[in-house]
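The sequence shown lines up with residues 1 to 218 when you count with this note's numbering. Report on one structure; see the data block that follows.
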Amino acid sequence: MANLIRSSKPGRNWTAGELLAYNITVEVMQPEAFFGPEANPSLDNLDPKILTAPAGVELESPDVSDYTTRYLHYLNHAADVRQEKVIDGFAKETLDLLGFSERNILLGSSPSPYAARPKEVERTQSDVCLLHHPNLLEDKTPIISSGAQVIAAFQFNNARRKSLGRASLLIIHDKSLHHDSPCPATDGMGDIEYRRLALQRFLSFKKLAKSHWEAISR
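Pasting the structure below:
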């Protein structure tokens, strides 16, 4: 009988078969269980117009700040799902808006961590990532494909720990944010109610991810 071997694939080409082959499970959790007490953080520090401006409406009033105007421009252009680069730009603007770009942390789309495969090493692909000097954290939204990026980031982090004389970590426990509902079928963050909820979830994830990053960096 032929011995079928599953070849490694880039993360974006992963299917449910890869999750099964690598013994990866995905659990659905309620926000309160996932984030704990930080599930619904305040957005009072944001310009109210970012939270209430209707999609597709260009705010040119002089009382609207340049930053708010630019962010809403990105939001409107990102409504066209065919423009992947624009969507990536909007994602970076959103992370910057919520304070992800801290001291020694840059927002970008590359470089990506290396993923080891049998007899070869390749770069994984990322849409938006946090460049944490001198290390790197990466996040890509689709649930299945993110499994490959998680493994790559884990390998990258262990290689970095080894170069610093630290012990390698043995277990991957990924706290990735995959917000599936109640996302509107057509408007996405153009929907005001969903926009507020999505920004809250990003802000909650920022605090959670920071605590995990500090734990594995020790």
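Virtual Cβ for every residue (Gly too), placed ideally from N, Cα, C.
Practice task
Would you mind reading off the limits of the alpha helix (DSSP H) that contains VAL86?
Solution key: Locating residue 86 in the sequence shown gives position 86, counting from the first residue. Run containing VAL86: 84 to 97, per the alpha helix (DSSP H) assignment.
Practice task
Could you tell me the distance, in whole angstroms, from the CA atom of VAL86 to the CA atom of HIS77?
Solution key: As a working note, residue 86 is residue 86 in the sequence shown. As a working note, residue 77 is residue 77 in the sequence shown. Distance between the alpha carbons of VAL86 and HIS77: 7 Å.
Handout entry: ILE50, DSSP secondary structure in three states
Key = Residue numbering aside, residue 50 sits at position 50 when the sequence shown is read from its first letter. DSSP places ILE50 in helix when its eight states are reduced to three.
Handout entry: Euclidean distance between Cα positions of LYS207 and ALA91
Key = Taking the sequence shown and counting its residues from 1, one reaches residue 207 at position 207. Taking the sequence shown and counting its residues from 1, one reaches residue 91 at position 91. Note on geometry: alpha-carbon atoms of LYS207 and ALA91 lie some 18 Å from one another.
Exercise for the section: Ignore the nearest five residues each way along the sequence and tell me which others in PRO184's own chain have a CB closer than 6 Å to its CB. Expected result: Counting from one through the sequence shown, the residue named residue 184 turns up at place 184. Bear in mind that the predicted position of PRO184 carries a pLDDT of just 48, short of 50, making it unreliable; the figure below should be weighed with that in mind. Hits under 6 Å: ASP191 and TYR194.
Exercise for the section: Return yes when the Cβ of SER65 is within less than 8 Å of the Cβ of ASP47, no when it is not. Expected result: Position 47 of the sequence shown holds residue 47. Position 65 of the sequence shown holds residue 65. The beta carbons of ASP47 and SER65 sit closer together than 8 Å.
Problem - Anticipated Cβ contact below 8 Å, LEU95 with LEU203, distance rounded - result: Walking along the sequence shown from the start, residue 95 turns up at place 95. Walking along the sequence shown from the start, residue 203 turns up at place 203. With 8 Å as the limit, LEU95 and LEU203 do not qualify as a contact, their Cβ atoms being about 10 Å apart.
Exercise for the section: Report, in whole angstroms, the separation of the C-beta atoms of TYR71 and ILE105, which I expect to be a contact under 8 Å. Expected result: Walking along the sequence shown from the start, residue 71 turns up at place 71. Walking along the sequence shown from the start, residue 105 turns up at place 105. Their Cβ separation, rounded to whole angstroms, is 19 Å, which puts TYR71 and ILE105 out of contact at 8 Å.
Practice task
With ALA76 as the anchor, note down where its alpha helix (DSSP H) starts and where it stops.
Solution key: Your numbering for residue 76 matches position 76 in the sequence shown. In the sequence as displayed, the identity of residue 76 is Asn instead of Ala. Its alpha helix (DSSP H) spans residues 66 to 77.
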